[in-house]
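*Asks:* Same order as they appear, the protein sequences are chains B and C.
For the first sequence, our numbering assigns the number 1 to the initial residue and increments by one for each residue that follows.
For the second sequence, our numbering assigns the number 247 to the initial residue and increments by one for each residue that follows.
Cβ coordinates follow ideal geometry from the N, Cα and C atoms, glycine included.
So that we are looking at the same thing, I have put the structure below in structure tokens.
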Amino acid sequence: MSDSVIRVTELTRRFGATTALASVSLSLPRGAVYGLVGANGAGKTTLIKHMLGLLRAASGSVRVFGLDPVADPVGVLSRIGYLSEDNDIPGWMRVEELIRYSRAFYPAWDDGYAEELRDGFALDPTARIRTLSKGQRARVGLLIALAHRPELLVLDEPSSGLDPIVRRDILGAVMRTIAAEGRTVLFSSHLLDEVEQVADHVTMISHGRIVLSGPLAAIRAANRGAPLSEIFVAHVGTATASDADA
Amino acid sequence: MRTRKTIRSAGVAIAWELCRRHRWGFAALAAYLLLAGTTDLLILEPGQALRWDGSPDVPPRLAATVVVPVSILAYYFLAAFSFGLSGDVAARQSMYPARMFTLPVTTAALAFWPMLYGTATLATLLMVTTRFVAGPSGVDLPLIWPALFAAATVAWTQALMWMPYGLPGLRVIIAVLWLATIDAAVFTAIVLKVPENVMVAVLAPQIPLAYLAARFAVARARRGDVPDWRGMLARLGQIVDILPRSHARFRSAAHAQAWFEWRQHGRSLPVWVGILVPCELALLFVAGKDMQSLIAYTLAGVLLTPPFMAAFVAASVRRPHPRVSESYGIAPFTATRPLASAALIAAKLRMAIWSTLAAWLLVLIAIPAALTLSDTWPVVIARARQLSDGIGAPRTVVVGLLGVSGLVAWTWRQLVQGLYVGLGGREWLIRSSTCLTLTALIFIEPIVQWIRETSDVRVALWNALPWILGVLACCKTSAAAWIATRLYRSRVLSDRTLVTGATCWVAVVLALFGLFTWVLFTPFFPRYVLGLVAILAVPLARVSAAPLALAWNRHR
């Protein structure tokens, strides 16, 4: 059995005349934190949607845990924790209802850990989701994504909903804990300093193509210890870099 | 090469945006006006009426040339100019596009320009129709007040749509009541033959009044002043909070998803039925024992309320994204549930069963209670006795049960039969389906009237009935066979589920056929006709297409 959690091979995706992904190949071994960086519209979310089975590979193939996420959504999604950029948890639910509802889907749901996270995130169990702030909603989303101790945690632009304290202390700590337990984290971001703090491996994507991929330490060593933002500019270009840092 | 002219005023910019967005609607309007004008000016001689076959009967011709196209265009522009095609009609927030609030334009201008364009368009449509189509068709309609009436209607609709409300769904209720009032006012004016100058005097002030209301609405919406009356409901909800809340685990993911669907959509139908049915049953107290026809109409109306309301509730049940009105993709929260697409659909079907049963429980409790309290039971019992004398007591009971069961099944069917359209996420299919439904609603009344008034048509239809039913049954079973093949190949449903579903369908059809042959023992209905009716009555193709459509949309 392959040790790759995710294996993407020659994946191409077009939306009309626009090529969102062009012959993307990627292999993510188990047990590390992967940062997927790129400017807005580079193709990060499209790639993640393929990994979750929300988009069908028109050309090429996607395998997660060795399974096709479109053919076997239950087998793949039950082992993934996912927090989306727009975090569309129904507003009518109470936090406790969401926890009760979500645990039905995951055999490995850990009640103790869920309670620990809820306490740590200071979430009122009786509060309705629609009454929570954006940061609190992101915390709820993170709780649901983590409480079943997923083998793979996928975070699509998680920072967009979090304040700096959550971003630095909680998110970073959670990712480290998960990686330390031998599980895998894939997160996309256009905030390069954040990626630099958290990720072990970095994949840069621009205009649907992977322009650089490898361990962060190796990438920095190859670029004489330059910060990630400068490496990004060198590989992607000034215009997109300023967009990415925005 | 496309020329790009600079837009120099807010009025022109708003006009450009409306024209660009609704260019096909305006093209249809222009084509209709051109056709109407050309027919009158070039083809007809002065004083000659528009008669296709020389017959004096007006309704079918009028339906084709006036009622259908004018109604479609009027409803379309009513929705377009009130920005109803791009917003969430059930939301508390104003339907006026929020992006326009940041334009450097006064609130008065924001309300004025769309209202001017809307009233002008609808008034022009009605004036041209009256002058060039209805007149030559031999229908004598006044020129001014219908146009003024159309302008007032669009102006008030805009004001109501742009107003922020304190409760979700309140806009829908107010709009429905408003449109019903409009209908009632028009029919009353026509029946009473109110003079045109009186109508003009009543209608003319409506437009400035509506403008003031619209300006107030846009001003409130622009400063984010949305009233919130949900607190009142929350206080009611606190009563529910006293009850112990279930903390038990769901037995399975399927049960959890069914609970989710119930909480998301399931309560809408019982709530609507619970609001409407008591109002309808109040008529029994007005009628008393003497007005038997009113009692019959009231009970018929009450019995038709659940399936009628289910058609409206179904629009939200089949929406792929509950919060984004113009999104056709499945909401990521639902799409990433570790459940098969068939299980997601099964949860919706189960929710629809609970919702239907809850709505009918209310109806079946409310009707006997209202009949008892209004002392109108004897009228209903007398009618039942008449039927019993004609066909016998057992058949009367079976007909009654069959009728109620049929209505319950129809309600459920209304909730689920369009799932494949909405969940499929194909924009052209959703828009075409809406357009076809509206067209059918507009056509149905003139067609029924035409059939009722023309004996030749009735005879021809009766003779062709077996063929019509046969063709429909062939279409249904062919579509079902194609869908079953796709389901099998795509592995969306397991072989066992497919076989079980087909077996259940055949069993229900045979049972229904048996009931029909026993109840309808008259020689007027050959057995094969009853068999075809049974095949058509039991849902198959559209319901089984739902998992296929969802799977396609979920894994685009």
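In or out: Tyr774(C) buried (at least 16 other Cβ within 10 Å) or exposed?
*Replies:* By the 10 Å Cβ count, Tyr774(C) comes out exposed.
*Asks:* Mind checking the stretch 578-609 of chain C against chain B and listing, in chain order, the residues whose C-beta falls within less than 8 angstroms of any C-beta there?
*Replies:* Result list: Pro578, Phe579, Ala581, Thr582, Arg583, Pro584, Leu585, Ala586, Ser587.
*Asks:* Roughly how many angstroms lie between the CA atoms of Phe762(C) and Met346(C), to the nearest whole one?
*Replies:* So the alpha carbons of these two residues sit roughly 59 angstroms apart.
*Asks:* Consider the Cβ of Ala499(C): report whether some Cβ of chain B lies at a distance smaller than 8 angstroms.
*Replies:* Output row for Ala499(C): interface = yes.
*Asks:* So, for Gly415(C): in the same chain, excluding its five sequence neighbours on each side, which residues have a beta-carbon less than 8 angstroms away from its beta-carbon?
*Replies:* Excluding residues within five positions, the ones whose Cβ falls inside 8 angstroms are Ala336.
*Asks:* Give, in chain order, every residue of the stretch 500-532 of chain C whose Cβ lies closer than 9 angstroms to some Cβ of chain B.
*Replies:* Hits within the stretch, in order: Ala500, His501, Ala502, Gln503, Trp505, Phe506, Arg509, Gln510.
*Asks:* Please report how far the alpha carbon of Trp728(C) lies from the alpha carbon of Ala791(C), in whole angstroms.
*Replies:* Roughly 10 angstroms between the two C-alpha positions.
*Asks:* Using a Cβ-Cβ cutoff of less than 7 angstroms, which residues in the same chain neighbour Ala780(C) once the five nearest sequence positions on both sides are dropped?
*Replies:* So the list reads Val755, Leu758, Phe759, Phe762, once near-sequence residues are dropped.
*Asks:* Is it buried or exposed, Gly649(C), if we count other Cβ atoms within 10 angstroms and call 16 or more buried?
*Replies:* Exposed is the call here.
*Asks:* Just the chain C side, please: which residues come within less than 7 angstroms of Ile89(B) by C-beta, in chain order?
*Replies:* Result: Phe579.
*Asks:* Going by DSSP, name the residue or residues bridged to Met204(B).
*Replies:* Met204(B) is bridged to Val37(B), Leu212(B).
*Asks:* Scan the stretch 600-646 of chain C and note each continuous beta strand (DSSP E) run of 3 residues or more that stays entirely inside, going in chain order.
*Replies:* DSSP runs (the beta strand (DSSP E)) wholly in the stretch 600-646 of chain C: none.
*Asks:* Along chain C, in chain order, which residues have C-beta atoms closer than 8 angstroms to that of Phe105(B)?
*Replies:* Going along chain C in sequence order, the residues near Phe105(B) (Cβ under 8 angstroms) are Ala499, Ala502, Arg583, Pro584, Leu585.
*Asks:* Please confirm whether Leu296(C) has its beta-carbon closer than 8 angstroms to some beta-carbon of chain B.
*Replies:* Residue confidence is low: Leu296(C) scores 48 on pLDDT, short of 50, so the model does not pin down where it sits. No coordinate-derived value is stated.
*Asks:* May I ask whether a heavy atom of the ligand NAD can be found less than 7 angstroms away from the beta carbon of Arg377(C)?
*Replies:* Ligands in the displayed structure: none, and consequently the ligand NAD is not present.
*Asks:* Give me whichever residues DSSP pairs with Val64(B) in a beta bridge.
*Replies:* Val64(B) is bridged to Ile6(B), Leu67(B).
*Asks:* Could you work out which residues of chain B lie near Arg495(C), taking near to mean beta carbons separated by less than 8 angstroms?
*Replies:* Correct list: Arg100, Arg103, Ala104.
*Asks:* Assign Phe771(C) to one of three DSSP states: helix, strand, or coil.
*Replies:* Coil at Phe771(C), not helix or strand.
*Asks:* Quick one: does Arg802(C) have its CB under 8 angstroms from some CB of chain B?
*Replies:* So yes, Arg802(C) belongs to the interface.
*Asks:* For Thr252(C), is the classification buried or exposed, using 16 other Cβ atoms within 10 angstroms of its Cβ as the cut-off for buried?
*Replies:* Its Cβ having fewer than 16 others within 10 Å, Thr252(C) is exposed.
*Asks:* Suppose the cutoff is 7 angstroms on Cβ atoms and the five residues either side in sequence are ignored; what does the same chain contact list for Arg79(B) look like?
*Replies:* Once the five neighbours on either side are set aside, the close Cβ partners of Arg79(B) are Phe65, Pro150, Glu151, Leu152.
*Asks:* Out of Phe554(C), Ser332(C), Val316(C), Ala277(C), which has the shortest C-alpha to C-alpha gap to Leu264(C)?
*Replies:* It is Ser332(C).
*Asks:* For Tyr342(C), is the classification buried or exposed, using 16 other Cβ atoms within 10 angstroms of its Cβ as the cut-off for buried?
*Replies:* So Tyr342(C) ends up on the buried side.
*Asks:* Quick check on this structure: which residue in Gly225(B), Ala218(B), Ala104(B) has the alpha carbon closest to the alpha carbon of Ala494(C)?
*Replies:* The shortest C-alpha separation from Ala494(C) is found at Ala104(B).
*Asks:* Taking the C-alpha atoms as reference points, what is the distance between Gly547(C) and Ile521(C)?
*Replies:* Roughly 14 angstroms between the two C-alpha positions.
*Asks:* In terms of DSSP beta bridges, what is Gly81(B) paired with?
*Replies:* DSSP output for Gly81(B) lists Leu153(B) as bridge partner(s).
*Asks:* Cα-Cα, which of Arg737(C), Val717(C), Pro578(C) is closest to Asp88(B)?
*Replies:* Minimum Cα distance to Asp88(B) is reached at Pro578(C).
*Asks:* Pair every Cβ in the stretch 499-518 of chain C with every Cβ in the stretch 90-109 of chain B, then say whether three or more of these pairs are closer than 8 angstroms.
*Replies:* The stretch 499-518 of chain C, when compared against the stretch 90-109 of chain B, does touch it at the 8 angstroms Cβ threshold.
*Asks:* When you compare the CB positions of Leu132(B) and Val154(B), do they come within less than 8 angstroms of one another, or not?
*Replies:* Not in contact: Leu132(B) and Val154(B) (Cβ atoms no closer than 8 angstroms).
*Asks:* Report the residue ranges of all alpha helix (DSSP H) runs contained in full by the stretch 502-541 of chain C; include only those spanning at least 4 residues, in chain order.
*Replies:* If we require 4 residues or more, the alpha helix (DSSP H) runs fully inside the stretch 502-541 of chain C come out as 514-533.
*Asks:* So, is the C-beta of Arg56(B) closer than 8 angstroms to a C-beta in chain C?
*Replies:* Yes, contact with chain C.
*Asks:* Does the separation of the CB atoms of Arg30(B) and Asp72(B) fall below 8 angstroms?
*Replies:* Contact: no.
*Asks:* Quick one, which of Ala122(B), Leu36(B), Val37(B) has its alpha-carbon nearest Val166(B)'s?
*Replies:* Looking at the Cα atoms, Ala122(B) is the closest of the given residues.
*Asks:* Suppose the cutoff is 7 angstroms on Cβ atoms and the five residues either side in sequence are ignored; what does the same chain contact list for Leu739(C) look like?
*Replies:* Excluding residues within five positions, the ones whose Cβ falls inside 7 angstroms are Ala588, Leu733, Pro793.
*Asks:* Would you tell me roughly how many angstroms separate the C-alpha atoms of Leu540(C) and Ala463(C), rounded to the nearest one?
*Replies:* When rounded, the distance between both Cα atoms is 40 angstroms.
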